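>
Numbering (the numbering used here), first residue to last: 976 to 1123.
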């Protein structure tokens, strides 16, 4: 590897930032805060709701950030929060009908950005790329499991 080349992790991180910025711009066109996108998509994956702690884990955002974001989303009518019937220490977060509409709009933003990102790339190349990403994820997860 040429010493002037950036490491793969740097390239992935840089690409992630570009993608995140593009999604943020698309969401802004619809009047949606980019911070909401990860959180809403996490909540939307669980029809019965999800705990605040799980949102932190899945979104990789800090607890204070999630707390403030959920407070704002609740005020806008995107979510409801209620105590878990199984554990009073847990707060379960669910999307309202308005939140589900916002989720659809966010997914449209992601789709637009993804279409821009992959234009002129063959399906074979995309499949190969996806396989490489999956192998990298497994490698990193394996290393994480061994250190815990």
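C-beta: ideal position from N, C-alpha, C; glycine also.
None of the values given here were measured: they were computed from a predicted structure.
#1: Taking only three categories from DSSP, how would you classify residue 980?
#2: If you count every other CB in all the chains shown that lies within 10 Å of the CB of residue 952, and 16 or more means buried, which is it?
#3: Tell me which same chain residues have a C-beta within less than 6 Å of the C-beta of residue 1031, skipping the five on either side of it?
#4: Please name the residue, chosen from 1001, 1059, 1054, 1087, that lies closest to residue 1072 on a Cα-to-Cα basis.
#5: Enumerated in chain order, which unbroken segments of the beta strand (DSSP E) with a length of 3 residues or greater are wholly contained in the segment 1022-1084?
#6: Do residue 1101 and residue 1018 have their C-beta atoms within less than 7 Å of each other?
#7: With a threshold of 16 other CB atoms inside 10 Å of the CB of residue 1048, please say whether the residue is buried or exposed.
#8: Take residue 999 and list the residues in its own chain whose beta-carbon comes closer than 6 Å to its own, dropping the five residues that flank it on each side.
#9: Contact check, residue 1074 vs residue 1007 under 8 Å by CB: the rounded distance?
#10: Considering only the beta carbon of each residue, do residue 1066 and residue 1082 sit closer than 7 Å?
The structure says:
#1: coil
#2: Since the displayed the chain opens at 976 and closes at 1123, residue 952 lies outside it and no answer follows.
#3: 1038, 1041
#4: 1054
#5: 1054-1058, 1066-1070
#6: Taking 7 Å as the cut-off, the Cβ atoms of residue 1101 and residue 1018 do not count as close.
#7: buried
#8: 1009
#9: So it is not a contact: roughly 11 Å between Cβ atoms.
#10: no
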